[in-house]
Every structure is written in structure tokens, then in C-alpha cells.
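Under our numbering, the residue at position 84 of the sequence shown is numbered 175, and the numbers go up by one with no gaps.
All C-beta atoms in this analysis are idealised placements derived from N, C-alpha and C, irrespective of residue type, glycine included.
These numbers were taken from a predicted model, which means no experiment stands behind them.
Take a look at the structure set out below.
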Amino acid sequence: MKVGSIVVLLSLFLGILIGCDDDDASTEEQESDTLEEMLFEIIKIAESVDCVTPDDWTFTPIGSKACGGPTGFLAYSVTIDTNDFLEKVEAYKEAMNAFNIKWGVISDCALPATPVGVTCVDGKAELVY
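Written out as C-alpha cells, the structure is:
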């Protein structure tokens, strides 16, 4: 092998090593923090309206357990931008599912009880089971 070929191969190898920057790889903790931020934003939107009339409220499953199904349910007012809200809920579910797969999360596989409705207590929505 010629010296020129060795230099080219060495340059390519070093370029690959330098290109593999670990700073771009996220850690489990960083991804967990991102999920928490997503959930906080969703809850903030859901709680942005006072609960006065239960008929103005509904609920949605939220999250993703490692073995399937939601982690729980969340009440929200139908007076908010429901399309945007439900898109955020879906994005959170997908992100949580990807997190569970990537990090090998294990859950109890118990399905949370499904609410039958929403009631209003002191301006806050509460799920009825």
C-alpha cells in the first residue's frame, strides 16, 4: 500500500471518529426530562380553563405503558383548541413509547380504570370512575 493511500485511509478514519460526537447522543435522563416537559405543557393546557360546566369537558388517554395502553387519563375542556391539544397528547404518547422501547422500560401492564365522565369541583375538573 502506498503512503498516500495510508494517509487517505487514516484521514477518513479520523474523520469518522471526530464525526461521532457523543455530545449529540441524549441520555436516558435527558429524554426523561423532555417527556416531563411535554407532560407539563399538556397539563398546563388542560388546566388553563376553569371547570364550571362538566358538559364542556371530556377526557383522553395519555402516555404509553411499556407493555401497551395508556398510563392514565386526563380531563380537558372542549373549549380549548382540541386539535392542537390532542396532537400534543399523541406526540407525547409516541415519544413515551419510543423512550420505553429505547431504554427497555418495564411496566406492571395493569390498565388504568377508564373514567365514565368529568365533574367540576372548586373550578377543577375531576375524572369520575
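Subject >> Three CB pairs or more closer than 8 Å across the segment 197-206 and the segment 129-144 >> reply: no
**OP:** Kindly identify the DSSP beta-bridge partner or partners of Glu178.
**Re:** Taking the first residue of the sequence shown as 1, we reach residue 178 at position 87. The partner list for Glu178 (beta bridge, DSSP) is empty, contrary to what the question assumes.
Original post:
Which residues does DSSP pair with Pro161 in a beta bridge?
Top reply: Sequence index remark: in the sequence shown, residue 161 carries index 70 (1-based). Pro161 pairs with nothing; no bridge assigned.
**OP:** Using three-state DSSP, classify Ser123 as helix, strand or coil.
**Re:** Here residue 123 corresponds to residue number 32 of the sequence shown, with the count starting at 1. In the structure shown, Ser123 sits in a helix (DSSP, three-state: H, G or I).
**OP:** Please go through the same chain and pick out, in chain order, the residues whose beta-carbon is closer than 7 Å to the beta-carbon of Leu218, but skip the five residues on each side of it.
**Re:** Here residue 218 is taken as the residue at index 127 of the sequence shown, counted from 1. Cβ neighbours of Leu218 beyond the five flanking positions: Phe150, Phe164, Ala166, Pro206 and Val209.
**OP:** Output yes if chain C places a C-beta closer than 8 Å to the C-beta of Asp213; else output no.
**Re:** Protein chain content of the structure displayed is limited to a single chain, and chain C is not contained in it.
Subject >> Continuous beta strand (DSSP E) stretch holding Thr118: start and end >> reply: By one-based count along the sequence shown, residue 118 stands at place 27. Note, Thr118: premise wrong, no beta strand (DSSP E); not H, not E.
Subject >> Exposed unless 16 or more other CB atoms sit within 10 angstroms - verdict on Asp113 >> reply: Residue numbering aside, residue 113 sits at position 22 when the sequence shown is read from its first letter. Low per-residue confidence applies at Asp113: pLDDT is 49, beneath 50, and the placement is therefore not dependable enough to give any value.
Original post:
Skipping 5 residues on each side, what residues in its chain have a beta carbon closer than 8 Å to that of Ala182?
Top reply: For the purposes of this step, residue 182 is taken as residue 91 along the sequence shown, with counting starting at 1. Once the five neighbours on either side are set aside, the close Cβ partners of Ala182 are Met129.
Original post:
Helix, strand or coil for Thr151 per DSSP?
Top reply: Counting from 1 along the sequence shown, the entry for residue 151 is found at position 60. Residue state, collapsed to three classes: strand.
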